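J.:
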Amino acid sequence: MIVMRQKLVLSVSGKGGVGKTSITTLLVRTLMKHTNHSLLIVDADPVMNLPKTLGVKVEQTVGDAATQLRKDIDAGAVGGQVSKQDVLEGEVFDALVEDDRFDFLAMGRTEGEGCYCYVNRILSQILDTIARNYDITIMDMSAGLEHLSRRTTRDVDVLIIVIDPSSMAFDAAIRIRDLAKEVQIDFKQIFVIANRFPPSLIEEVSEDLERRLSEEGLKLVGFVPTDDELTVINLRGKPLLDLPDSSPAVKAVEAIAKKMGLLGDSTFLELLRPTT
Ligand SMILES: Nc1ncnc2c1ncn2[C@@H]1O[C@H](COP(=O)(O)OP(=O)(O)OP(=O)(O)O)[C@@H](O)[C@H]1O
Ligand SMILES: [Mg+2]
518 MIVMRQKLVL SVSGKGGVGK TSITTLLVRT LMKHTNHSLL IVDADPVMNL PKTLGVKVEQ
578 TVGDAATQLR KDIDAGAVGG QVSKQDVLEG EVFDALVEDD RFDFLAMGRT EGEGCYCYVN
638 RILSQILDTI ARNYDITIMD MSAGLEHLSR RTTRDVDVLI IVIDPSSMAF DAAIRIRDLA
698 KEVQIDFKQI FVIANRFPPS LIEEVSEDLE RRLSEEGLKL VGFVPTDDEL TVINLRGKPL
758 LDLPDSSPAV KAVEAIAKKM GLLGDSTFLE LLRPTT
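Heads up: the sequence shown begins at 518 in the numbering used here, then just goes up one per residue.
#1: May I ask you to check if the CB of ASP562 is nearer than 7 Å to at least one heavy atom of ligand 2?
#2: State the Cα-Cα distance for the pair ARG728 and GLY536, rounded to the nearest angstrom.
#3: So, are the CB atoms of LEU613 and ILE639 less than 8 Å apart?
#4: On the criterion of 16 or more Cβ atoms from any shown chain inside 10 Å, does PHE714 qualify as buried, or is it exposed?
#5: Alpha carbon to alpha carbon, how far is PHE619 from GLU720? Give it in angstroms, no decimals.
#6: Please list, following the chain, all residues that have a C-beta closer than 5 Å to any non-hydrogen atom of ligand 2.
#7: For GLY739, count the other beta carbons within 10 Å of its own beta carbon; 16 or more makes it buried, fewer makes it exposed. Which is it?
#8: If you follow the beta strand (DSSP E) that LYS736 is in, where does it begin and where does it stop?
#9: Quick check on the burial criterion: 16 or more other C-beta atoms within 10 angstroms. Buried or exposed for ASP560?
#10: Of the residues LYS736, ASP695, VAL741 and VAL636, which one's Cα is nearest the Cα of MET717?
#11: From what residue to what residue does the beta strand (DSSP E) around SER528 run?
#12: Between which two residues does the beta strand (DSSP E) harbouring ARG713 extend?
#13: Cβ of LEU747 within 7 Å of any heavy atom in ligand 1?
#14: Of the choices THR541, ASN566 and ALA594, whose alpha-carbon is the least far from that of ILE773?
#15: Alpha carbon to alpha carbon, how far is ALA546 from THR654?
#16: Given a cut-off of 8 Å, decide if VAL529 and MET656 are closer than it, judged by their beta-carbon atoms.
#17: Please find out if some non-hydrogen atom of ligand 1 comes closer than 7 Å to the beta-carbon of ALA575.
#18: Compare the C-alpha of ASP762 against each of MET549, LYS524, LEU525 and ALA660 and name the closest.
#19: Could you check how far apart the C-beta atoms of LEU557 and LEU622 are, in whole angstroms? I think they sit under 8 Å.
#20: Measuring CA to CA, which of GLN602, GLY778, SER600 and GLY572 is closest to GLN706?
#21: Is the number of C-beta pairs between the region 675-694 and the region 573-587 that are closer than 8 Å three or more?
#22: Could you give the residue range of the alpha helix (DSSP H) that holds PHE610?
#23: Tell me which same chain residues have a C-beta within less than 6 Å of the C-beta of VAL575, skipping the five on either side of it?
#24: Please return the same chain residues whose Cβ sits closer than 7 Å to the Cβ of ASP562, not counting the five positions on each side in sequence.
#25: What is the residue span of the beta strand (DSSP E) that VAL767 lies within?
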């Protein structure tokens, strides 16, 4: 029997500064190295740190395209034969950066002035359509919670929540879980990644943290230690993809990706079985 590989949409959320962009980049690194999955990486944070950590150049964002469309609509320049959807779809495809091993899309600022709900609605439909062309779509989200209600795409299969060693990050994880349910994001799994924990602390706190998260219905998939090599690479403004295989953060994220069922020839069927 041939089992079709499912498409998977992962979204990386969490409190500000906990390491969402770093973890997203390290997940991309692992997937590039250990799988043949086709990858779409979406920077859904208007601050756009991901191009730097991935080492890609962005000429145009999806937000730029949406802003132009809003202006054209106001000027009465869109109509007739070409639908708004077609115009925007063309622009979004133009914004797609094609790298050797992944495609990249920067959302930029998608909120214009006034209510252009239909532009945003078309946008999320277009993104859903584009995402279907890839085995895995990974979205690096902004720190605020508003993005969850203004969904970038309609469906998220796996919600990854990153926490750091702080009770604020833990509380934010609970709020993100609640809000995601409230706005009915159709996720199948939520995983928590504990990032930037001092290596000497991990063993001591791991059991307690896992239990407290589990009491909230959240599954801890692993720890990523504070990594000096990552700090140095960041300080020098180099892409995190350049980290060596021996880097502790790289190794930790590899183990986490394996535990989540993302590596090898996975069909993602286990992952997509709803548990919520
Ligand atoms: N495991 C780690 N070891 C050392 N430094 C780390 C680690 N993870 C993240 N950092 C550093 O912490 C800072 C914040 O990381 P990052 O930008 O990935 O967080 P973020 O959650 O995406 O932030 P924002 O909310 O601003 O988008 C960066 O300077 C990054 O280099
Ligand atoms: Mg970030």
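Glycine included, every Cβ here is placed at the ideal spot set by N, Cα and C.
Computed from a predicted structure; not experimentally measured.
T.: The answer reads as follows:
#1: For the purposes of this step, residue 562 is taken as residue 45 along the sequence shown, with counting starting at 1. Within the cutoff, so yes.
#2: On the sequence shown, residue 728 is found 211 positions in, with the first residue counted as 1. On the sequence shown, residue 536 is found 19 positions in, with the first residue counted as 1. Taking the straight line from one Cα to the other gives about 22 Å.
#3: Here residue 613 corresponds to residue number 96 of the sequence shown, with the count starting at 1. Here residue 639 corresponds to residue number 122 of the sequence shown, with the count starting at 1. No. Outside cutoff.
#4: Here residue 714 is taken as the residue at index 197 of the sequence shown, counted from 1. Result: buried.
#5: For the purposes of this step, residue 720 is identified with residue 203 of the sequence shown, where counting begins at 1. For the purposes of this step, residue 619 is identified with residue 102 of the sequence shown, where counting begins at 1. In a straight line, the C-alpha of GLU720 is about 35 Å away from that of PHE619.
#6: LYS537, THR538 and ASN566
#7: Numbered from 1 along the sequence shown, position 222 holds the residue referred to as residue 739. Classification of GLY739: buried, given that the 10 Å Cβ count is 16 or more.
#8: Numbered from its first residue, the sequence shown carries residue 736 at position 219. Per DSSP, LYS736 belongs to the beta strand (DSSP E) from 736-742.
#9: Counting from one through the sequence shown, the residue named residue 560 turns up at place 43. Buried, since its Cβ has 16 or more Cβ neighbours within 10 Å.
#10: Translated into positions along the sequence shown, residue 717 becomes position 200. The question names Met, yet the displayed sequence has Ser at residue 717. Closest by alpha carbon: VAL741.
#11: Against the sequence shown, residue 528 aligns to sequence position 11. 525-531 is the extent of the beta strand (DSSP E) around SER528.
#12: Your numbering for residue 713 matches position 196 in the sequence shown. That run of the beta strand (DSSP E) goes 706-714.
#13: In the sequence shown, counting from the first residue as 1, residue 747 sits at position 230. Result yes, Cβ under 7 Å from ligand 1.
#14: Stepping through the sequence shown from its first residue, residue 773 is reached at position 256. Out of THR541, ASN566 and ALA594, THR541 has the C-alpha closest to the C-alpha of ILE773.
#15: On the sequence shown, position 29 is the one that residue 546 refers to. On the sequence shown, position 137 is the one that residue 654 refers to. Note that residue 546 is Arg in the sequence shown here, rather than Ala. Taking the straight line from one Cα to the other gives about 14 Å.
#16: One-based indexing of the sequence shown puts residue 656 at position 139. One-based indexing of the sequence shown puts residue 529 at position 12. Going by C-beta atoms, MET656 is nearer than 8 Å to VAL529.
#17: In the sequence shown, residue 575 corresponds to position 58, counting from 1. Correcting the residue identity first, residue 575 is Val in this sequence and not Ala. No - ligand 1 has no heavy atom lying nearer than 7 Å to the Cβ of VAL575.
#18: Working through the sequence shown from its first residue, we reach residue 762 at position 245. Nearest option by C-alpha distance: MET549.
#19: Here residue 557 is taken as the residue at index 40 of the sequence shown, counted from 1. Here residue 622 is taken as the residue at index 105 of the sequence shown, counted from 1. That pair is a contact at about 7 Å.
#20: Within the sequence shown, residue 706 is the residue found at index 189, counting from 1. The option with the nearest alpha carbon to GLN706 is GLY778.
#21: no
#22: Looking up residue 610 in the sequence shown gives position 93. First-last of the alpha helix (DSSP H) with PHE610: 601-612.
#23: The sequence position of residue 575 within the sequence shown is 58, counting from 1. Closer than 6 Å at Cβ, skipping near neighbours: PRO568 and ALA623.
#24: For the purposes of this step, residue 562 is taken as residue 45 along the sequence shown, with counting starting at 1. Result list for ASP562: ASP657, MET658 and SER659, in chain order.
#25: One-based indexing of the sequence shown puts residue 767 at position 250. Where VAL767 is concerned, there is no enclosing beta strand (DSSP E), although the alpha helix (DSSP H) it sits in stretches over 765-777.
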